[in-house]
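If you read the sequence shown in the UniProt record's numbering, its first letter stands for residue 1, the second for the next number, and so on. Backbone N, C-alpha and C fix where the C-beta goes; we use that ideal spot for every residue, glycine too.
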Amino acid sequence: MNFPNEQNRKYFTDNTSEYLEKSFQKVGLDKVYFEKLLEWLSKSPKWNTLRVNKNLANNSKDSVNDIQNFLDKSFDNLNNKLLKEGVYFPIPKCKVLSNFLDECIVYEYSKSKSMQDNIKFKSDIKCIIDVKCAQAVFRGADIFIPGIISLSLSAKSQDLICIYADLEGKCLKGSDANLYFKKSVDSLQFIGTGWLLYDRDQIFKNSEQKLGIGIRLKELVDGSYTPPFHYLNQTKYFPQNLPSIICARVLDPKPGQLILDMCAAPGGKTTHLAEIIGNKGQIIAFDKISSKILKMNELCKKLNTKCVECFVTDATKIDYSVYMAESFDRILVDAPCSALGQRPLIFNNIDVNQLKSYVNYQRMILENAVKLLKPGGFMVYSTCTITLEENEEQVSWLLSKHKKLKLVDQTPFNFAASSGFQCEGLDESQSRLLQRFCPSFKSEDDLNDIYYDTNGFFISKFLKEY
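Structure below.
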């Protein structure tokens, strides 16, 4: 069954779509590829990935048992609640991803065996949430109160409600969701259903804004469900996408080294680097926003990460009287980017000028990274986007500008869905050293494989020669 706004669905503005499509044409990828890419991006990965904090967890087997017990209990509670409706969610089985990445535990989303396609028409109680909130819901989150924009006027605690995402961002906070639905149904995307935990007035008319969970998710539009990660032990198990876990491994830090994470917030890769070296070494972490650094300090404390020092620093403006040139053994530049690899893509209103602006900003950071890296040291440049301009073309620019930089092999590499694209300035052998997490679409089997079915991501690794 097609919902009203699923015909001719748009993911970007017309100008942005045209710009991206032409960009991929530069490397011989046609409109069919671009349409397949958009379809892939619009779907959530089928897998959840958790990184085990090896400083606190005893071993992989115990971690798998812990998480499996959590899944068993969560799904038993949900299925008991849905028994009267004849809805049942099979309990997924979790596993360690591989011997090499034994800190990564994965499990599939569960799908109901009795999904009712017309479920959204069974309730007149509606809720409208923002797009970022909707993306989090598809990745296993309940709906927190700040993400709720609008509710039906009659909405009461414990109501089963239909949840929609506001694609254009025009719905007013506290408005009547039913009225907005009638006027603007084509700008809404159905997300799923859930149980409202508060009366409407408690959410919108309270003098003190509530910050907790406002809606417990019941079922997503495709009939899938995963228990929210925030019910897990957050010190032992850290929700993190597979490419991000691989990224820290590719940098390959060693105990005793001086390591720099130039764009560190929210801290997932930083704390992973610390775990890899067993807290034996020194990691300097930068972010230019002080509130993010405060949260990173809290995260490091919670995860028992002792070798990280976090500083409020703009990576485009390094004080070389404090940080000496050519002093770091390893540098990670997980750069601010357009983030077009985030899945599911519901709607992104980024314009072409915004897209183009990231390139120069990234280059300012990379210039400082090259200057700070020791001869013989390694640098990883990564993004969570799909654009050539922020990925392969940045690599080409770096190699042409800094002759001492050399692309090198990455380990692990065979987990990536494809090597990089061959653009101007990059020959075939160089592009094969790049990891682009995105299916080639040559085989349908690829789309169901954990190593392919990830967020869109890009990783490159450089050696600074003497």
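Where residue i falls: helix, strand or coil (DSSP)
i	result
D62	helix
G147	helix
E275	helix
Y466	coil
C310	strand
Y361	helix
M324	coil
Q135	helix
I203	helix
L398	helix
Y451	coil
L434	coil
C127	strand
S98	coil
F121	Because F121 sits at a pLDDT of 49, beneath the cut-off of 50, its placement in the model cannot be relied upon, and the following sentence gives the value as read from the coordinates. Three-state result, F121: helix.
Y225	strand
L211	coil
K183	helix
Q189	strand
K406	strand
D329	strand
F24	helix
V380	strand
D14	helix
S110	strand
Through-space distance from residue j to residue i, alpha-carbon basis
i	j	result
K292	P266	7 Å
G377	N348	37 Å
T226	Q435	29 Å
T454	F437	7 Å
E465	P375	5 Å
Y452	D287	30 Å
A165	G147	10 Å
K120	F190	With a pLDDT of only 44 at K120, under the threshold of 50, the placement of this residue in the model should not be trusted; the figure read from the coordinates follows. Taking the straight line from one Cα to the other gives about 8 Å.
C44	F441	Here residue 44 is Ser; the residue named in the question, Cys, does not match the sequence. Distance between the alpha carbons of S44 and F441: 17 Å.
T270	E298	13 Å
I149	S357	30 Å
S431	G420	5 Å
E18	K10	12 Å
K36	V221	21 Å
V137	S382	25 Å
A134	S224	14 Å
C384	V333	12 Å
L29	I283	40 Å
D117	E85	Low local confidence applies: a pLDDT of 47 at D117 is under 50, so the model's placement there is unreliable, with the coordinate-based value given in what follows. Each residue's alpha carbon lies about 14 Å from the other.
N15	S290	35 Å
residue 479	K156	Within the shown structure, residues of the chain are numbered from 1 to 466, placing residue 479 beyond reach of any answer.
G281	M296	18 Å
A339	I245	17 Å
6 Å CB neighbourhood of residue i in its chain, flanking five on each side removed
i	result
R216	D142, G194, W195
L151	C127, A177, R200
Q240	R51, G268
residue 480	Any question about residue 480 goes unanswered here, given that the chain covers just 1 to 466.
L345	Y11, L41, S42
F229	G140, P239
A285	D261, A264, T270, V308, C310
K404	K464, E465
Neighbourhood of residue i by C-beta distance below 8 Å, restricted to the same chain and skipping five residues each side
i	result
L97	T49, C104, I105, V106, L242, I450
S123	D159, L160, I161, C162, T193
K173	I149, S150, F204
F70	P227, Y231, L232
Spatially closest choice to residue i from the options, by CA coordinates
i	options	result
V131	Q342, G281, C300	Q342
L324	V333, L373, L179	Sequence check: residue 324 is Met here, not Leu. The shortest C-alpha separation from M324 is found at L373.
N27	A264, F462, T387	It should be noted that the sequence gives Val, not Asn, for residue 27. Cα-wise, what sits closest to V27 is T387.
Q80	K218, C310, K356, L405	According to the sequence displayed, residue 80 carries Asn and not Gln. Per the Cα distances, K218.
P439	L38, K236, S17	L38
K317	L426, L71, V352, E367	E367
A335	K156, C247, D319	C247
L303	S460, D66, Y237	Y237
Q359	G278, V352, E389	Going by the sequence as given, residue 359 is Val instead of Gln. Considering only alpha carbons, the answer is E389.
S400	N15, E424, S418, S187	E424
D102	F462, Y109, E168, N59	N59
N55	Q410, F311, C300, I350	C300
S429	P412, T411, K406	K406
P92	C307, V312, D261, K73	K73
D409	Y198, F462, N53	F462
T13	I129, E168, H402	E168
Contact set for residue i: own chain, Cβ-Cβ below 7 Å, skip 5 residues either direction
i	result
residue 467	Given a span of 1 to 466 for the chain in the structure shown, any question on residue 467 remains unanswerable.
R330	L251, P253, Q257, I259, G377, F378
K306	N279
Contact with chain C by residue i, beta-carbon distance below 8 Å
i	result
A335	Here there is only one protein chain, and chain C is not present.
Problem set entry | Completely contained alpha helix (DSSP H) runs for the region 229-293, where each covers 4 or more residues | 242-251, 268-276
Problem set entry | 3-residue-minimum beta strand (DSSP E) runs that sit fully inside the region 33-87, ordered along the chain | Counting whole runs of 3 or more residues, the region 33-87 contains the beta strand (DSSP E) stretches 47-52.
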